[in-house]
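Participant: Counting in full-length UniProt numbering, the sequence shown runs from 1 upward without gaps.
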Amino acid sequence: MRDAECYSAETVVENANIHEKLQKSKFEKYLDVKSKIAREDIYQLKMEKEQQLLVDAEQEMTAAQQSIPDRDTKKFFNE
């Protein structure tokens, strides 16, 4: 009976170790996915910021064009 108990305990420990490795692997995959998502979110925010800078620059150019007298605008912008 002692051998069966020992074998059973070893099996339980072995199964626990296998389960722990599986859980660790799943968690590492989860962290990897979360990291990729975070990088994509950061990239998206940078792109949105860049887009806003372009919109702001375009608005400044439009305002500058409108503030220049018409004849100067044609000379400056080769119209």
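Idealized CB from N, CA, C, for every residue including glycine. Treat the numbers as computed from the prediction; the structure is a model and nothing was measured.
Indicate the three-state DSSP secondary structure (helix, strand or coil) for I68 in the structure shown.
Facilitator: Here residue 68 refers to the residue found at position 68 when the sequence shown is read from its first residue. Coil, per DSSP.
Participant: Could you compute how far the alpha carbon of V12 sits from the alpha carbon of S25?
Facilitator: Working through the sequence shown from its first residue, we reach residue 12 at position 12. Working through the sequence shown from its first residue, we reach residue 25 at position 25. Cα to Cα, V12 sits roughly 20 Å from S25.
Participant: Within its chain, find whatever has a CB closer than 6 Å to the CB of L53; leave out the 5 residues flanking it on each side and keep chain order.
Facilitator: Taking the first residue of the sequence shown as 1, we reach residue 53 at position 53. Excluding residues within five positions, none has a Cβ falling inside 6 Å.
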